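2 protein chains.
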Amino acid sequence: MKTEKISEFTINRLSIYLRCLNLLAASGVTTTSSQSMAQQFQLNSAQIRKDLTYFGEFGVRGVGYSVSELRKHLSQILGLGELHKIGIIGAGNLGMALANYRGFDPKYFQVTALFDKDLSRVGEISRSGVFVYHIKDFKPIVMRENITMGVICVPAEEAQAVLDLITDAGVMAVLNFAPVQLNAETGVKLKSMDLAISFESLSYFLARQESGSAEGQPKFLRPYSKDKILPE
Amino acid sequence: MKTEKISEFTINRLSIYLRCLNLLAASGVTTTSSQSMAQQFQLNSAQIRKDLTYFGEFGVRGVGYSVSELRKHLSQILGLGELHKIGIIGAGNLGMALANYRGFDPKYFQVTALFDKDLSRVGEISRSGVFVYHIKDFKPIVMRENITMGVICVPAEEAQAVLDLITDAGVMAVLNFAPVQLNAETGVKLKSMDLAISFESLSYFLARQESGSAEGQPKFLRPYSKDKILPE
Chain U
1 MKTEKISEFT
11 INRLSIYLRC
21 LNLLAASGVT
31 TTSSQSMAQQ
41 FQLNSAQIRK
51 DLTYFGEFGV
61 RGVGYSVSEL
71 RKHLSQILGL
81 GELHKIGIIG
91 AGNLGMALAN
101 YRGFDPKYFQ
111 VTALFDKDLS
121 RVGEISRSGV
131 FVYHIKDFKP
141 IVMRENITMG
151 VICVPAEEAQ
161 AVLDLITDAG
171 VMAVLNFAPV
181 QLNAETGVKL
191 KSMDLAISFE
201 SLSYFLARQE
211 SGSAEGQPKF
221 LRPYSKDKIL
231 PE
Chain S
1001 MKTEKISEFT
1011 INRLSIYLRC
1021 LNLLAASGVT
1031 TTSSQSMAQQ
1041 FQLNSAQIRK
1051 DLTYFGEFGV
1061 RGVGYSVSEL
1071 RKHLSQILGL
1081 GELHKIGIIG
1091 AGNLGMALAN
1101 YRGFDPKYFQ
1111 VTALFDKDLS
1121 RVGEISRSGV
1131 FVYHIKDFKP
1141 IVMRENITMG
1151 VICVPAEEAQ
1161 AVLDLITDAG
1171 VMAVLNFAPV
1181 QLNAETGVKL
1191 KSMDLAISFE
1201 SLSYFLARQE
1211 SGSAEGQPKF
1221 LRPYSKDKIL
1231 PE
């Protein structure tokens, strides 16, 4: 394994490659190549090769990758060997939506508990069966349930205090949905979801459309016509 | 402007640069450079320069970028010159959460209408004041309000039909939150949010932590200790 620095973008692309490989495996494909994956899924073959070399030598020149081997390796790199338990702080609309979200592989990710300071929400159960605890019970529940990931779904002005609470309880990986910049202690992995960025890429597209698609205008790397496995 | 293909990742980074420039402007900084931005915001200076060259020559060698000029240019590239009106389909927890989201710049993005097929939700008003219409009224409301962006917040099994409805109404830019792959007509910009990817990058981090941070383990490009302006 190289010692070079690896960006979040690379890690996110590994997730995408894994989704592609899962689709290939599901349709019975046993061997693939960076070119073939790039073609099928509108990816960049040089990028695939470069991303993978950070983590070792996977393919065989002239033969390609074993789909099952590469899936196993990528899963391992992404830490998808065990169940990660998730605690969500804020049981409003967003927290509830995430608790009910069905896009996670239940082998690897489970929303285990919701937390709120609002007594009227405490004791509620999400559609997916997740109980809402009082925020004051965060630390004991984290320890009892072995929660390793926290999700911040509270208003911006409460988010820093909630981050501090999460990390004080020993949870070191945090996803923040509040539209505010937070400071985490060293050693804590904090990821913020900025939904406005997604809308800005739509508005970039619309601005191109309106000005016509004449020669000289930038074009997207992938066709518009297909949804992707999909980063972004 | 170059005619090279420009990836979504580049566009998303432009959004991040714009956020950095906004912060600089707010603190009175009038000139910056790719090196200085990279240092302050844990970005990659070569990447900044490369991303910007797709769109022209902005800086002056040895002097750097004018913060106000570059903000203006990036805003223009990202189509942030006019108000984009957004229609959300699905007025459940996620749709309501997005309607109430305060991370959008209200000069550029406005959630104008919610839609649902569930009569018990029709007529509701979100905390932020957005009315829930019946889905059958989608097209007339889109035309009346000049809605240009659609957001899919319905269950996976209904998402394709909703996408078709959105594009039939002439809305060409769509953000999909349902965890399913969709097919859009040519000419439609479809972006899917895969929340599981964010959790996988947290699990990547946790896997590194557990195996220790010994020499030879990959390191992140940016320190863990700070939240970023932030992609991902």
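Chains as they are written, first to last, in this note's numbering: chain U, 1 to 232; chain S, 1001 to 1232.
Just so you know, even glycine gets a beta-carbon here, dropped at the ideal spot from N, CA and C.
Being a predicted model, the structure only gives us computed values, none of them experimental.
Subject >> Segment contact, 8 Å Cβ cut-off, at least three pairs: the segment 1168-1178 of chain S with the segment 188-206 of chain U >> reply: Three or more beta-carbon pairs drawn from the segment 1168-1178 of chain S and the segment 188-206 of chain U are found closer than 8 Å, and the two stretches are therefore classed as touching.
**OP:** Go through its chain and collect everything with a Cβ distance to PHE58 (chain U)'s Cβ below 8 Å, but skip five positions before and after it.
**Re:** Against the first sequence, residue 58 (chain U) aligns to sequence position 58. Only LEU52, TYR65, GLU69, LEU70, HIS73 meet the Cβ criterion.
**OP:** Just the chain S side, please: which residues come within less than 7 Å of GLU57 (chain U) by C-beta, in chain order?
**Re:** For the purposes of this step, residue 57 (chain U) is identified with residue 57 of the first sequence, where counting begins at 1. Those within 7 Å of GLU57 (chain U) in chain S number zero; the least Cβ separation is about 15 Å.
Original post:
Which chain S residues are close to MET96 (chain U), counting only those with a beta carbon under 7 Å from its beta carbon?
Top reply: In the first sequence, counting from the first residue as 1, residue 96 (chain U) sits at position 96. Those are ASN1093, listed as they occur along chain S.
Subject >> First through last residue of the beta strand (DSSP E) which encompasses ASP1116 (chain S) >> reply: Within the second sequence, numbered from 1, the residue matching residue 1116 (chain S) stands at position 116. Per DSSP, ASP1116 (chain S) belongs to the beta strand (DSSP E) from 1109-1116.
Subject >> Assigned exposure category for CYS1020 (chain S) - 16 Cβ within 10 Å defines buried >> reply: Sequence index remark: in the second sequence, residue 1020 (chain S) carries index 20 (1-based). Label assigned to CYS1020 (chain S): buried.
**OP:** Give a yes or no on contact between the segment 1159-1174 of chain S and the segment 1140-1150 of chain S, applying the rule of three or more CB pairs nearer than 8 Å.
**Re:** In short, these stretches touch, since the Cβ pair count reaches three.
Original post:
Hey, LEU1083 (chain S) and LYS1107 (chain S): beta-carbon distance below 8 Å or not?
Top reply: Residue numbering aside, residue 1083 (chain S) sits at position 83 when the second sequence is read from its first letter. Residue numbering aside, residue 1107 (chain S) sits at position 107 when the second sequence is read from its first letter. Going by beta carbons, LEU1083 (chain S) and LYS1107 (chain S) fall inside the 8 Å limit.
Subject >> As assigned by DSSP and simplified to three states, the class of MET37 (chain U) >> reply: For the purposes of this step, residue 37 (chain U) is identified with residue 37 of the first sequence, where counting begins at 1. Reduced to three states, the DSSP call for MET37 (chain U) is helix.
**OP:** Assess, as a yes-or-no matter, whether the segment 127-137 of chain U is touched by the segment 182-194 of chain U under the definition of 3 or more beta carbon pairs within less than 8 Å.
**Re:** no
**OP:** Just tell me which of S:ILE1166, S:TYR1017, S:PHE1055, S:ARG1208 has its CA closest to the CA of VAL1188 (chain S).
**Re:** Along the second sequence, read from residue 1 onward, the residue named residue 1188 (chain S) stands at position 188. Closest by alpha carbon: S:ILE1166.
Subject >> Beta-carbon gap between LEU1163 (chain S) and ALA97 (chain U) smaller than 8 Å >> reply: Here the question's residue 1163 (chain S) lines up with position 163 in the second sequence. Here the question's residue 97 (chain U) lines up with position 97 in the first sequence. Against a cut-off of 8 Å, the Cβ pair of ALA97 (chain U) and LEU1163 (chain S) comes out as no contact.
**OP:** Express the C-alpha separation of ILE86 (chain U) and MET149 (chain U) in angstroms, rounding to a whole number.
**Re:** On the first sequence, residue 149 (chain U) is found 149 positions in, with the first residue counted as 1. On the first sequence, residue 86 (chain U) is found 86 positions in, with the first residue counted as 1. When only Cα atoms are considered, MET149 (chain U) and ILE86 (chain U) end up about 5 Å apart.
Original post:
Under 9 Å Cβ-Cβ, which residues of chain U neighbour PRO1140 (chain S)?
Top reply: Counting from one through the second sequence, the residue named residue 1140 (chain S) turns up at place 140. Within chain U, no residue comes near PRO1140 (chain S); the closest Cβ sits about 21 Å away, beyond 9 Å.
Original post:
For MET1096 (chain S), does the three-state DSSP call read helix, strand or coil?
Top reply: As a working mapping, residue 1096 (chain S) is identified with position 96 in the second sequence. Of the three classes helix, strand and coil, the one that applies to MET1096 (chain S) here is helix, per DSSP.
**OP:** Please list the residues of the segment 117-151 of chain U that have a C-beta atom closer than 8 Å to any C-beta atom in chain S, keeping them in chain order.
**Re:** THR148, MET149
Original post:
With a Cβ-Cβ cutoff of 8 Å, do ARG102 (chain U) and ALA1207 (chain S) count as a contact?
Top reply: Working through the first sequence from its first residue, we reach residue 102 (chain U) at position 102. Working through the second sequence from its first residue, we reach residue 1207 (chain S) at position 207. Contact: no.
Original post:
What are the uninterrupted segments assigned as alpha helix (DSSP H) that are 4 or more residues long and contained completely in the segment 136-201 of chain U, given in chain order?
Top reply: 138-145, 156-168
Original post:
Just the Cα atoms here: how many angstroms apart are CYS1153 (chain S) and ALA1025 (chain S)?
Top reply: In the second sequence, counting from the first residue as 1, residue 1153 (chain S) sits at position 153. In the second sequence, counting from the first residue as 1, residue 1025 (chain S) sits at position 25. If you take the alpha carbons of CYS1153 (chain S) and ALA1025 (chain S), they lie about 35 Å apart.
**OP:** Report the partner residues of THR965 (chain S) according to the DSSP bridge assignment.
**Re:** No information on residue 965 (chain S) is available, as it lies outside the stretch 1001 to 1232 that chain S covers here.
Original post:
For ALA91 (chain U), is the classification buried or exposed, using 16 other Cβ atoms within 10 angstroms of its Cβ as the cut-off for buried?
Top reply: Counted from its first residue, the first sequence places residue 91 (chain U) at position 91. Under the 10 Å beta carbon count, ALA91 (chain U) is surrounded by 16 or more other beta carbons and is classified as buried.
Original post:
To which residues of the same chain is HIS1134 (chain S) closer than 8 Å at the C-beta, ignoring the five residues directly before and after it?
Top reply: Translated into positions along the second sequence, residue 1134 (chain S) becomes position 134. Once the five neighbours on either side are set aside, the close Cβ partners of HIS1134 (chain S) are PHE1115, ASP1116, LYS1117, LEU1119, VAL1122.
**OP:** Look at the Cβ atom of LEU23 (chain U), then the Cβ atom of SER75 (chain U), and state whether they are nearer than 8 Å.
**Re:** Locating residue 23 (chain U) in the first sequence gives position 23, where the first residue counts as 1. Locating residue 75 (chain U) in the first sequence gives position 75, where the first residue counts as 1. It is not a contact, given that the beta carbons lie outside the stated cut-off.
Original post:
Cβ of SER1034 (chain S) within 8 Å of Cβ of ILE1048 (chain S)?
Top reply: As a first step, residue 1034 (chain S) is located in the second sequence; it is residue number 34 there, counting from the start. As a first step, residue 1048 (chain S) is located in the second sequence; it is residue number 48 there, counting from the start. Against a cut-off of 8 Å, the Cβ pair of ILE1048 (chain S) and SER1034 (chain S) comes out as a contact.
Subject >> Burial state of THR1112 (chain S), where buried means 16 or more other Cβ atoms lie within 10 Å >> reply: Start at 1 with the first residue of the second sequence, and residue 1112 (chain S) comes out as number 112. The residue is buried, with at least 16 neighbouring Cβ atoms inside 10 Å.
Subject >> Beta-carbon contacts of ASN146 (chain U) that lie in its chain and below 7 Å, excluding the five residues immediately before and after >> reply: Here residue 146 (chain U) corresponds to residue number 146 of the first sequence, with the count starting at 1. Around ASN146 (chain U): LYS85.
Subject >> Nearest to ASP1137 (chain S) (by Cα), restricted to the options S:ILE1088, S:PRO1179, S:PHE1109 >> reply: To locate residue 1137 (chain S), count along the second sequence from 1; it is residue 137. Nearest option by C-alpha distance: S:ILE1088.
Original post:
Should ARG1013 (chain S) go down as buried or exposed, given a rule of 16 or more other Cβ atoms within 10 Å for buried?
Top reply: Along the second sequence, read from residue 1 onward, the residue named residue 1013 (chain S) stands at position 13. ARG1013 (chain S) comes out buried.
**OP:** Compare the C-beta of TYR84 (chain U) against all C-beta atoms of chain S and say whether one is closer than 8 Å.
**Re:** By one-based count along the first sequence, residue 84 (chain U) stands at place 84. At residue 84 (chain U) the sequence reads His, which differs from the Tyr that was named. Chain S, which has a Cβ nearer than 8 Å to the Cβ of HIS84 (chain U), makes this yes.
Subject >> Test: LYS189 (chain U) CB closer than 8 Å to a CB of chain S >> reply: The residue given as residue 189 (chain U) occupies position 189 in the first sequence. At least one chain S Cβ lies under 8 Å of LYS189 (chain U).
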